[in-house]
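*Asks:*
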Amino acid sequence: MSSDIITEPMSPRRANYTRDRHPFKVCCAICGVVLATEDAWMQIVTEDGVPENHDEIHPFYENPEGDKLSLTDWLDDVRLLADTSPSLHHMTVELSPLARDNGNGYFIVAGTPPVVRAYYRDEWERYIVPFHDECFQILQQYLGPGDINMTVLYDTFVGLSKDEDTCMAMGSLGITSRYEAAELLRSHTMSFRKGVEYLSISPMDIPELARFYEALPLLRHSDSGTVEASIASRAPSSDPFRYLAPEILLIMASEMDIPTLLRWRAASLVAARCPLSNGFWKRRVRREMGWLFDFPQLLSREVELQVDWEQVFQSLYFASNPCNEDRIDGLVNRRYIWEQQCPQIAKPYLFKLANKNVDIRNLIRQLQNLSLEKGEVLVHPAPLKVTQHCPTLFNNLAELGTIEPVLVVSWTELGDLASIDIEKNGKSESAGHMYMDDREGKDKVVLVERVPIPRDDWLTGLGFAIQDGECWVVFSRDTDDESFDDDANMGDAEDRRVPTEQQRIVGLDVYFAKRQPVHLGAHGESYNSVRVARDKFVVGLTMTRRTYRGTISHAALIQASATYCQGNKRFAQCQ
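Numbering (the UniProt record's numbering), first residue to last: 1 to 575.
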């Protein structure tokens, strides 16, 4: 069945993307397509990936006639998601204004230093996640109404990153994309193969879709209600559906996806003769085409009854199919991003939003001016890939006088501090998220110790015993070097291992307002501690964890004004 939408070719030939200036590329964290700059070029690439004519190369942003191909401008409209806090031990995540590609992984952002680098891991450097602005708009629509929690989104991308924290590996995300399969994996060129050029076309600015909205197909007959199904008595006796009532057939049809529905109606004469109402197709458009989030919402009841919803569904279903010759490239790209890419991000994002750092987000609504009391750097070398956990000592202010939280401290088989969790009323937040960002091969936890906080006392600080030693890290080449080769940079990691000084957390002291400190673990060669300020009380902890090994690299106290606990005897240090 063909679409009624007439697509107009953008140029006499469909351009394929290739870039020759530098082997290093930066791709969108959402759709996987390269974040392009206007030094890009195009040429036609055959099915086996061989350019048709090396002499016919045109600027990618222009067709062979030299006119601006505006539908690819979106590739250079970039957003950067980054932790912008002054301290490396607590996240303040922000989304940048529009940025532009400056080549070699660098981007220009208004109001920032000259350039910033994305997907870059180096000691004391921020990890910046880049994506197309239009891809982010689609992700916003996919996640539904309300503002996206940028801290949770950033943590989601960090969790999806596959980079180890022992080297400066670039841009490896655990998100599959069609671009990876379509790209020519050479050291100096990147191209689209034939048939996937739609990945370069704007998924938001779709002129053909706008024209379709302006002239929605209308019913040819006035009857837009439900039609009674009349199953012919001549249906083959072998058809297993001939004895089912029309109402049952309609219920079955409503539960099938479209490919299954079409196969069912092709295989069964009874199913084929069971008419599906206009309302049935309207519900299908609303339910299965979430990527039509810009569908006109101001249609009157009378207009909605006149719209041929079956034709709407079929037209847009086939126009968004990459295998259809009459496809709309921008709509194909939007549907691809919506159905294939967004779920890979939304699943861990929604999981973390529901299970990780939930209690501290709830307390922020109750307590004003929360602050961090941070200690010194605890480990060396500093990990490049980390995630943060913020367990709290209570759930709401009403519990302050009665709750008896328990610190749950875990140690690895090597004696490193793995985690500090807080159990409240028999439950801990980590039971919900299970440190999902940790690498599968992380250090094994062999010891768990519990430190209860009695009803008449409170936590006032933590002390960390540090053990000195030596470890191996991978020396990283500078990607600005003209001799840099991405594959070589990754392939010879073993040859670039160098020894360096190491510091590990091997012991922990827990300080209280009244009782003596409790020591856990071993004693170290040096010692760092963090104590709550005199006019504050501890609300919870911030653990910065090295995901590669599943160990703590830094910890801080989350504190609030002592006015919230005024008169409560358990907070003696605040009086």
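Positions of the beta carbon are idealized from the N, C-alpha and C atoms, including for glycine.
1. How about residue 582 and N528: are their beta carbons less than 8 Å apart?
2. Where do the N-terminal and C-terminal ends of the beta strand (DSSP E) with N278 fall, by residue?
3. In angstroms with no decimal places, state the Cα-to-Cα distance between V312 and S200.
4. What span of residues does the alpha helix (DSSP H) with F136 cover, start to end?
5. Between which two residues does the alpha helix (DSSP H) holding Y336 run?
6. Are I466 and L378 closer than 8 Å when you measure CB to CB?
7. Going straight from the alpha carbon of P203 to that of E325, what length do you get?
8. F464 and L414: beta carbons closer than 8 Å?
9. What does the Cβ neighbour count give for F571, buried or exposed, with the cut at 16 atoms within 10 Å?
10. Using a threshold of 8 Å, state whether the C-beta atoms of Q559 and E304 are closer than that.
11. Can you tell me whether Y119 is helix, strand or coil according to DSSP?
12. Among Q314, I175 and W411, which residue has its Cα nearest to the Cα of V445?
13. When DSSP builds the beta bridges, which residues end up paired with N357?
14. Under 7 Å from any heavy atom of the ligand MG, does the C-beta of P343 make it?
15. Could you spell out the range, first to last residue, of the alpha helix (DSSP H) harbouring V312?
16. Quick check: what's the CA-CA separation for R549 versus K352?
17. Could you tell me the alpha carbon to alpha carbon distance between N355 and Y564, rounded to whole angstroms?
18. I'd like to know if I552 contacts chain C, where contact means its C-beta is closer than 8 Å to some C-beta of that chain.
19. Exposed or buried, T513, counting other C-beta atoms within 10 Å across all chains shown (16 or more means buried)?
20. Taking only the alpha-carbon atoms, compute the straight-line gap between E339 and T460 and give it to the nearest angstrom.
21. Distance, Cα to Cα, G144 vs P343?
22. Could you work out which residue in V539, E288, H380 and E449 is closest to P391 when comparing CA atoms only?
23. Looking only at DSSP bridge pairs, what is I108 linked to?
24. Out of Y120, Y119, D73 and T92, state which residue places its alpha-carbon closest to the alpha-carbon of L98.
25. Over the uninterrupted beta strand (DSSP E) stretch that includes D77, give me the two end residues.
26. In or out: Y243 buried (at least 16 other Cβ within 10 Å) or exposed?
27. With DSSP collapsed to three states, give me the class of L417.
28. Let me know the secondary structure DSSP gives Q344 once reduced to three states.
29. Would you grab the beta carbon distance between V78 and R100 for me? Rounded to a whole angstrom, and I think it's under 8 Å.
30. Going along the chain, which residues of its own chain have a beta-carbon closer than 7 Å to the beta-carbon of A488, five neighbours each way excluded?
31. Which runs of the beta strand (DSSP E) at least 3 residues long sit entirely within the stretch 361–403? Give them in chain order.
32. Quick one: using the 10 Å Cβ neighbour count with 16 as the cut-off for buried, is P296 buried or exposed?
33. What's the C-alpha gap between V109 and D76?
34. So, at 7 Å on beta carbons, what are the nonlocal neighbours of C471 in its own chain, with the 5 sequence-adjacent residues on each side left out?
35. Give a yes or no on whether the C-beta atoms belonging to E417 and V451 are separated by under 8 Å.
36. Under a three-way DSSP split, which group does H433 fall into?
*Replies:* Reading it off the structure:
1. Here the chain comprises residues numbered 1 to 575, so residue 582 is not present and cannot be evaluated.
2. To locate residue 278, count along the sequence shown from 1; it is residue 278. Where N278 is concerned, there is no enclosing beta strand (DSSP E), although the alpha helix (DSSP H) it sits in stretches over N278 to E288.
3. Within the sequence shown, residue 312 is the residue found at index 312, counting from 1. Within the sequence shown, residue 200 is the residue found at index 200, counting from 1. Each residue's Cα considered, the two are about 25 Å apart.
4. Position 136 of the sequence shown holds residue 136. Here the alpha helix (DSSP H) through F136 covers D133 to L143.
5. Counting from 1 along the sequence shown, the entry for residue 336 is found at position 336. Y336 -> alpha helix (DSSP H) spans D329 to Y336.
6. The residue labelled residue 466 in the question sits at position 466 within the sequence shown. The residue labelled residue 378 in the question sits at position 378 within the sequence shown. Yes. Within cutoff.
7. Within the sequence shown, the letter at position 203 stands for residue 203. Within the sequence shown, the letter at position 325 stands for residue 325. Cα to Cα, the separation comes out at about 18 Å.
8. In the sequence shown, counting from the first residue as 1, residue 464 sits at position 464. In the sequence shown, counting from the first residue as 1, residue 414 sits at position 414. No, these two residues do not count as a Cβ contact at 8 Å.
9. In the sequence shown, counting from the first residue as 1, residue 571 sits at position 571. When all chains shown are included, F571 counts as buried.
10. Along the sequence shown, read from residue 1 onward, the residue named residue 559 stands at position 559. Along the sequence shown, read from residue 1 onward, the residue named residue 304 stands at position 304. It is not a contact, given that the beta carbons lie outside the stated cut-off.
11. Sequence index remark: in the sequence shown, residue 119 carries index 119 (1-based). Y119 falls in the coil class under three-state DSSP.
12. As a working mapping, residue 445 is identified with position 445 in the sequence shown. With distances taken between Cα atoms, V445 lies closest to W411.
13. Numbered from its first residue, the sequence shown carries residue 357 at position 357. In DSSP, N357 forms no bridge with anything.
14. Looking for the ligand MG in the displayed structure turns up nothing, as the structure carries no ligands at all.
15. For the purposes of this step, residue 312 is taken as residue 312 along the sequence shown, with counting starting at 1. V312 -> alpha helix (DSSP H) spans W309 to A319.
16. Numbered from its first residue, the sequence shown carries residue 549 at position 549. Numbered from its first residue, the sequence shown carries residue 352 at position 352. If I take the Cα positions, the gap works out to 20 Å.
17. For the purposes of this step, residue 355 is taken as the residue at position 355 of the sequence shown. For the purposes of this step, residue 564 is taken as the residue at position 564 of the sequence shown. If I take the Cα positions, the gap works out to 26 Å.
18. Checking the listed chains, one finds no chain C in this structure; it contains a single protein chain.
19. Your numbering for residue 513 matches position 513 in the sequence shown. It is worth fixing the name first, because residue 513 is Ala in this sequence and not Thr. Label assigned to A513: buried.
20. Along the sequence shown, read from residue 1 onward, the residue named residue 339 stands at position 339. Along the sequence shown, read from residue 1 onward, the residue named residue 460 stands at position 460. E339 and T460: Cα-Cα distance of roughly 49 Å.
21. The residue you call residue 144 lines up with position 144 of the sequence shown. The residue you call residue 343 lines up with position 343 of the sequence shown. In a straight line, the C-alpha of G144 is about 13 Å away from that of P343.
22. Mapped onto the sequence shown, residue 391 falls at position 391. P391 has its Cα closest to that of V539, out of V539, E288, H380 and E449.
23. Numbered from 1 along the sequence shown, position 108 holds the residue referred to as residue 108. I108 is bridged to R100.
24. Sequence index remark: in the sequence shown, residue 98 carries index 98 (1-based). Looking at the Cα atoms, D73 is the closest of the given residues.
25. Position 77 of the sequence shown, counting from 1, holds the residue named residue 77. No beta strand (DSSP E) holds D77; DSSP gives it neither H nor E.
26. Start at 1 with the first residue of the sequence shown, and residue 243 comes out as number 243. Exposed, since its Cβ has fewer than 16 Cβ neighbours within 10 Å.
27. As a first step, residue 417 must be located in the sequence shown, where it is residue number 417. Looking at L417 - three-state DSSP - the assignment turns out to be strand.
28. Along the sequence shown, read from residue 1 onward, the residue named residue 344 stands at position 344. Q344 falls in the helix class under three-state DSSP.
29. For this step, residue 78 is matched to residue 78 along the sequence shown. For this step, residue 100 is matched to residue 100 along the sequence shown. Confirmed, Cβ separation roughly 7 Å.
30. If you number the sequence shown from 1, residue 488 lands on position 488. In this prediction, A488 scores a pLDDT of 42, lower than 50, which makes its location untrustworthy; the coordinate-derived value is nonetheless stated afterwards. Closer than 7 Å at Cβ, skipping near neighbours: no residue.
31. 371–374 and 386–389
32. Reading the sequence shown from its first residue, position 296 is the one you call residue 296. By the 10 Å Cβ count, P296 comes out exposed.
33. Along the sequence shown, read from residue 1 onward, the residue named residue 109 stands at position 109. Along the sequence shown, read from residue 1 onward, the residue named residue 76 stands at position 76. One C-alpha to the other measures close to 12 Å.
34. Within the sequence shown, the letter at position 471 stands for residue 471. Here the set comprises T500 and Q502.
35. As a first step, residue 417 must be located in the sequence shown, where it is residue number 417. As a first step, residue 451 must be located in the sequence shown, where it is residue number 451. Reading the sequence as shown, one finds Leu at residue 417 and not Glu. No. Outside cutoff.
36. Mapped onto the sequence shown, residue 433 falls at position 433. Correct three-state label for H433: helix.
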